[in-house]
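Reading through the structure tokens given below for one structure.
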Amino acid sequence: FAPGSSLGGFLKSSMAMRNESPLSLMGWANGIGAFREKACLSKNKSASKRFIVRGKGRIRRGKGGRSHNTGHKGRKRINRLAASTGIKEKAIEERMRVLIRA
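Each residue of the sequence shown is one higher than the one before, counting from 29 in the working numbering.
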């Protein structure tokens, strides 16, 4: 390019030679997103670290209350909190299933 010329002028001249519109260069045919790819639906990473799908398809979760302040809690209670459990409510389980894409 010569000094003082702009890239925009070059694009306009090359589009005029090929009879194209600026929208077609950006992947927009007729102003609607015809060539746009489908958005990727990724799983929620924080939810996938907390919930695991069991063999039968039920979702397993860990119990809270065991990470700190356990000095005054009894041994039986600590062991009970260490065990995993399922999700009781069906609607909540379906919501978690959508989050982790299971």
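Beta carbons are placed, not taken as given, at the ideal position from N, Cα and C, and that holds for glycine.
The beta carbon of Ile-128 is closer than 6 Å to those of Lys-71, Ala-75, Ser-76 and Phe-79 in its chain, skipping five residues each way along the sequence. Distance between Lys-116 and Ala-67, taken at the CA atoms: about 32 Å. Between Ile-120 and Asn-97, the alpha-carbon positions lie close to 28 Å from each other. Here DSSP, grouped into helix, strand and coil, assigns Arg-88 to strand. Pairing Gly-93 with Leu-109 gives a Cβ-Cβ distance under 8 Å. Per DSSP, the beta bridge partners of Gly-114 are Arg-88.
The Cβ atoms of Arg-88 and Arg-82 sit closer than 8 Å to each other. Here DSSP, grouped into helix, strand and coil, assigns Ile-80 to strand.
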